[in-house]
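Q: Residue numbers (the UniProt record's numbering): 1 to 560.
Printed below as a string of structure tokens:
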């Protein structure tokens, strides 16, 4: 904190003597008058001392603030390779920073000059005034006090003498011996002689100080003026130095041509884009995995799902993916980037039989748990011990044919009826980073980044989208707040590493030889006779409209 804040005002003490006239028309004592004048000269000197100390503090504060300014100039540039070194703005900022440091040092030196010359001179003047006041108080003031005491004693004795004389003239009664006018007269004469000696000593001392006062005040005034002149001379010298440094900073900022930096940068090869380069097109988007089977849906369309507690149906848009997920979305738009509100991982679920064609409601059940969307959600569910029991979710379609279309596709993915489908291996011809950089640009020579997708693994059949539903969508009471991106891996996915990262001109597509074989079906829970699922389906109530069995299913049934 600057000392300026500590010296907002100069505390001037009132003089201890002679600052007020006597009440009954008396006059000030001369010694008090001389001391008061010296005190006021001391206050003048003290005021100027604080003033110039404040100016010195201003210079030191300015020096610190100016020195801090150079920290705002960051050189060399972080992007210095794009700018000139010598003759550019980097060189200018180096010069500005150096000149700013010199300017800060000049302010600091000016502050020190004020302290060593002006302030020191004024401190000497103050010491001289204090010494003169001490001499006045030691000699003149002590003598004046003695004179006042002698005058008081003389007044007392004269009053006693006058009283004795009046008693003698007006009364015949005897008086006290010590009040005899004869004795009192002798005391008065002795006291008045003593008073006269003190009066003469005081007069001589006051005359001496009175004669010294003009020269003393003249010397004080000259010393103060000399100190102020030292400041003016130092300020004139420093002002010239400040002006030169400030002008040097301003001149350095005007040295470089406004176009020099751009001309230097634009002259570099590859710094600017070719104005004739073709623009990117959305229709030309090609990337690795564009047509991979895992990125295409098996079936999409509207279904109604029965709510657990309200028992009402709410219609949503559902997507069945090759990874085994059944996703529920609010809209059919593929541009919707929001996470699905509901997902089932079918390889961990059990698909129930569909309703008959003659039934009023075209529905089927899927028993399982909603897919967790993060490892955190899985940990919370395990720690809170909820979500472990499998729930039967009921789905309803508009028509029986639409329901069977969904059921047949889901039947290939659920836990107890899943069959293996041959997957095509993806061979990348372009690294991912290159594909991202070239997205939207025309592909030279008709080159494709991915292999064709086998049509046998896709299910192009889609239901026509219809708006509306049987009831309003309601929030499930389970922990919906625990959500992040899905982490469940796709079952049976076959990921291969990219071929030839240097970029080949052809893609190699391999298919697994032979037909996919159905995995061995596990027995259902509670089956002590080890009855296979195919046999279990035969004893289900109602005629299930199953898909055509594969050869493996037929051979299994015939062998059993």
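Glycine residues also receive a C-beta, built at the ideal position from the N, C-alpha and C atoms.
1) Thinking C-alpha only, which one of 306, 327 and 280 is nearest residue 442?
2) Return the bridge partner residues of residue 394 from the DSSP annotation.
3) Return the chain-ordered list of same chain residues with a C-beta closer than 8 Å to the C-beta of residue 255, the five sequence neighbours on each side being excluded.
4) What number of angstroms, rounded off, separates the C-alpha of residue 119 from the C-alpha of residue 81?
5) So, residue 406 versus residue 397, is the Cβ gap smaller than 8 Å?
6) Buried or exposed for residue 299, please, with buried defined as at least 16 other CB atoms from any protein chain shown within 10 angstroms of its CB.
7) Would you be able to state if there are at least three C-beta pairs under 8 Å between the region 191–211 and the region 61–80?
8) Considering only the alpha carbon of each residue, which of 305, 242, 220 and 328 lies closest to residue 124?
9) What are the complete alpha helix (DSSP H) segments, minimum 4 residues, inside the region 137–202?
10) Can you tell me which residues form a DSSP beta bridge with residue 319?
11) For residue 272, name the three-state secondary structure that DSSP assigns.
12) Does the distance from the CB of residue 88 to the CB of residue 261 come in under 8 Å?
13) Mapping DSSP to helix, strand and coil, what is residue 343?
14) To the nearest angstrom, report how far apart residue 43 and residue 135 are at their CA atoms.
15) According to DSSP, which residues form a beta bridge with residue 305?
16) Can you check which of these residues, 158, 276, 223 and 319, is closest to residue 304 by C-alpha distance?
17) List the residues that DSSP assigns as beta-bridge partners of residue 351.
18) Near residue 101, what residues of its chain come up, given a Cβ to Cβ distance below 6 Å and the 5 sequence neighbours on each side ignored?
19) Please name the residue, chosen from 333, 287 and 343, that lies closest to residue 438 on a Cα-to-Cα basis.
20) Mapping DSSP to helix, strand and coil, what is residue 95?
21) Confirm, please, whether the CB-CB distance from residue 328 to residue 352 is below 8 Å.
22) Can you tell which of 348, 342 and 311 has the C-alpha that lies nearest to the C-alpha of residue 324?
23) Skipping 5 residues on each side, what residues in its chain have a beta carbon closer than 7 Å to that of residue 75?
24) Taking just the CA atoms, how far does residue 338 sit from residue 357?
25) Considering Cα atoms alone, identify which of 365, 50 and 152 is closest to residue 191.
26) Does the count of Cβ pairs from the region 27–40 and the region 128–143 closer than 8 Å reach three?
27) Does the count of Cβ pairs from the region 225–244 and the region 99–117 closer than 8 Å reach three?
28) Output needed for residue 306: all residues of its chain with C-beta closer than 6 Å, excluding positions within five of it in sequence on either side, in chain order.
29) Look at the alpha carbon of residue 282 and the alpha carbon of residue 334, and state the distance between them as a whole number of angstroms.
30) CB-CB under 7 Å to residue 181, same chain, minus the five flanking residues each way: which ones, in chain order?
31) In terms of residues, what are the limits of the alpha helix (DSSP H) holding residue 40?
32) Does DSSP classify residue 389 as helix, strand or coil?
33) Check the Cβ-Cβ distances between residue 90 and every residue of chain B, and say whether any is below 8 Å.
34) Mind checking which residues open and close the alpha helix (DSSP H) that includes residue 433?
35) I need the straight-line Cα distance from residue 49 to residue 35, nearest angstrom please.
36) Give the C-beta separation of residue 364 and residue 403 to the nearest angstrom, bearing in mind that I take them to be a contact with Cβ-Cβ under 8 Å.
A: Concretely, from the data shown:
1) If we check each option's Cα against that of residue 442, 280 comes out closest.
2) 365
3) 92
4) Roughly 52 Å between the two C-alpha positions.
5) It is a contact, given that the beta carbons lie within the stated cut-off.
6) buried
7) no
8) Among 305, 242, 220 and 328, the Cα nearest to that of residue 124 is on 220.
9) For the alpha helix (DSSP H) assignment, the uninterrupted runs of no fewer than 4 residues enclosed by the region 137–202 are, from N- to C-terminal side, 142–170.
10) BP columns for residue 319 point to 300 and 327.
11) coil
12) yes
13) strand
14) 18 Å
15) BP columns for residue 305 point to 314 and 395.
16) The option with the nearest alpha carbon to residue 304 is 319.
17) 366
18) 70
19) 287
20) helix
21) Their beta carbons are not under 8 Å apart, which means residue 352 does not touch residue 328 by this criterion.
22) For the residues 348, 342 and 311, the minimum Cα distance to residue 324 belongs to 348.
23) 90, 93, 94 and 97
24) 36 Å
25) Put simply, of 365, 50 and 152 the residue whose alpha carbon is nearest the alpha carbon of residue 191 is 152.
26) yes
27) Of all C-beta pairs linking the region 225–244 to the region 99–117, three or more are shorter than 8 Å, placing the two stretches in contact.
28) 313 and 394
29) 15 Å
30) 161, 164, 165 and 168
31) 30–69
32) coil
33) Of the chains in the structure shown, none is chain B; there is only one protein chain.
34) 432–437
35) Cα to Cα, residue 49 sits roughly 21 Å from residue 35.
36) 7 Å
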